Amino acid sequence: MEPVRWSPPTAPQRAGRSPGSPSADVLRRVELPGHGPEDVVFGADGCVYTGTADGALLRVDIVTGAVDSVANTGGRPLGLHAGPDGSLLVCDAHRGLLRWGGPGRSIEVLVDRIDGELLNFASNVVQDPDDGMIYFTASSRRWPFEQWMGDLLEHSGTGRLLRLSPDGAVDVLLDGLQFANGVAFTPEREALVFAETGAYRLSRYWLRGPKAGTRETLVDNLPGFPDNIALGSDGLIWVALASPRNPLLDALLPRPGVLRRMVWRLPERLKPAPKRTAWVVGVDLHGSIIHDLQTDGTAYAMVTGIAEEAGTLVLGSLDESALAITTVPRIAPTESN
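Under the UniProt record's numbering, the first residue of the sequence shown is numbered 1, with each subsequent residue one higher.
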């Protein structure tokens with residue numbers, strides 16, 4: 001471990017719960033034959049797709065609860081993107097950026113090395129249907145997926161935002177990111193929004209217009225750890241907050257690195273750990289938090305994936321063996337603090 005000092009801003013209070021809405025507290029579970037559905041996406045067929053720790057890609061009918069295994073990556077699938085042709089792009093923590101072509105098709109490796117270096121910890125992905133450009137994140141160049149907490153504790157900032165062109169060229173759009181994670185298009189696809197879990201931040205990277213090639217902060221100092229994100233049918237960016245901020249981690253980050261090395265050597269039960277909660281927020285393109293939905297972790301916890309379609313929210317989790325279903329509140333949300 002090579003710790004880098006950082007003084008995080010004081011953690012804010014919650015942005016403001018949508019009062020009176022049962023959807024903040026009621027989650028319906030859809031059980032799966034595997035563990036850890038880290039991300040979720042709606043496919044072209046209306047079903048939800050996810051990947052589990054055993055490498056399986058699953059198709060889930062969230063109405064009937066029917067689950068089918070459609071393929072296996074042979075690794076650990078994380079972020080997903082569903083194409084209009086029934087295909088899936090898959091960020092696999094062990095194998096890189098993959099594509100599954102649909103029923104009857106095999107898994108294809110699109111990127112497993114960048115400039116001769118193994119692609120470690122591919123995290124989330126989207127594709128522009130107009131020009132075929134694929135944008136994806138890699139969380140860390142130093143830490144494997146199984147030791148993700150090491151990257152957050154070290155805070156060395158080796159995450160990247162990457163682009164794969166149809167001709168096979170891979171470009172690094174941004175480097176030095178703090179655990180780059182979820183990525184989504186804005187509604188007109190003029191920009192990307194991406195999450196940095198280790199910086200508690202959402203940023204916008206402009207693809208077109210006078211700001212093309214530049215980044216700006218969309219939401220800073222989030223009260224939790226942002227994970228995967230998704231553009232909803234409502235035009236909001238939906239953000240999975242895997243856990244509230246950890247006071248011990250925030251206290252350690254600005255202090256001498258020897259303290260974090262000592263913490264890293266502790267038994268797992270004594271290290272900073274995610275607090276059990278189910279938490280998502282909906283953010284508009286001005287950076288305002290429109291929906292703030294959270295419940296305790298009794299029924300479901302550590303939400304790492306989210307998808308919204310026509311008012312239905314589907315949640316995935318690194319820790320659960322099920323998806324969770326809820327709805328977007330219909331009442332007017334409170335103003336964010």
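All residues carry an ideal CB built from backbone N, CA and C; glycine is no exception. Just so it is clear, the structure is predicted and the values come from calculations on it, not from any experiment.
Run of the beta strand (DSSP E) containing residue i, from where it starts to where it stops
i    : result
D99  : Sequence check: residue 99 is Arg here, not Asp. Per DSSP, R99 belongs to the beta strand (DSSP E) from G96 to W100.
W279 : T277 to V283
T326 : A322 to T327
8 Å Cβ shell around residue i - same chain, five flanking residues per side excluded
i   : result
G36 : T52, A53, S317, L318, D319, E320 and S321
G43 : Y49, R59, A82, G86 and L88
Between the CA atoms of residue j and residue i - distance to the nearest angstrom
i    : j    : result
S140 : W148 : 8 Å
L110 : P12  : 40 Å
G287 : V219 : 5 Å
P19  : L58  : Because the pLDDT of P19 is 46, which lies under 50, any placement of that residue in the model is unreliable, and the question is left without a value.
S233 : A307 : 9 Å
T217 : V183 : 14 Å
L118 : G297 : 36 Å
L313 : V70  : 23 Å
I229 : V172 : 20 Å
V258 : G46  : 50 Å
D68  : G104 : 14 Å
P166 : R142 : 28 Å
D39  : T50  : 6 Å
E154 : G176 : 13 Å
N181 : H291 : 21 Å
Own chain partners of residue i with C-beta closer than 6 Å, once the 5 adjacent residues on each side are dropped
i           : result
A199        : Q178
G34         : T52, D54 and A56
P22         : Confidence at P22 is low in this model, with a pLDDT of 42, below 50, so the placement of that residue should be treated as unreliable; the coordinate-derived value is given next. Correct list: empty, nothing qualifies.
E31         : A322
residue 339 : The structure shown does not extend to residue 339, since the chain is modelled only from 1 to 337, so the question has no answer here.
P9          : N221
P244        : G224 and K275
Extent of the continuous alpha helix (DSSP H) to which residue i belongs
i    : result
P247 : P247 to L252
R255 : Looking at the DSSP string, R255 is not in any alpha helix (DSSP H), and its letter there is neither H nor E.
Proximity test, residue i beta-carbon vs the ligand ATP heavy atom, cut-off 7 Å
i    : result
R215 : Of ligands this structure carries none, so the ligand ATP is not represented either.
Chain-order list of residues whose beta-carbon lies under 7 Å from that of residue i (same chain, five-residue window excluded)
i    : result
A310 : S233
Check whether the stretch 110-128 and the stretch 83-94 touch, using three or more Cβ-Cβ pairs below 8 Å as the test. Judged by Cβ distances under 8 Å, the stretch 110-128 makes contact with the stretch 83-94, as three or more pairs qualify.
In chain order, which continuous runs of the alpha helix (DSSP H) of length 4 or greater are located wholly inside the UniProt domain "Strictosidine synthase conserved region" (128-209)? Runs of the alpha helix (DSSP H) inside the UniProt domain "Strictosidine synthase conserved region" (128-209): 148-154.
Across the stretch 216-236 and the stretch 258-271, are there enough close Cβ pairs to call them in contact, namely three or more that are closer than 8 Å? Of all C-beta pairs linking the stretch 216-236 to the stretch 258-271, fewer than three are shorter than 8 Å, placing the two stretches out of contact.
Decide if the stretch 261-268 is in contact with the stretch 277-292; the criterion is three or more beta carbon pairs, one per stretch, under 8 Å apart. Per the Cβ contact rule, the stretch 261-268 is not in contact with the stretch 277-292 (fewer than 3 Cβ pairs under 8 Å).
Taking 8 Å as the threshold, find out whether the stretch 297-307 comes into contact with the stretch 250-260 through three or more Cβ pairs. By the Cβ test, the stretch 297-307 is not in contact with the stretch 250-260, since fewer than three Cβ pairs between them sit closer than 8 Å.
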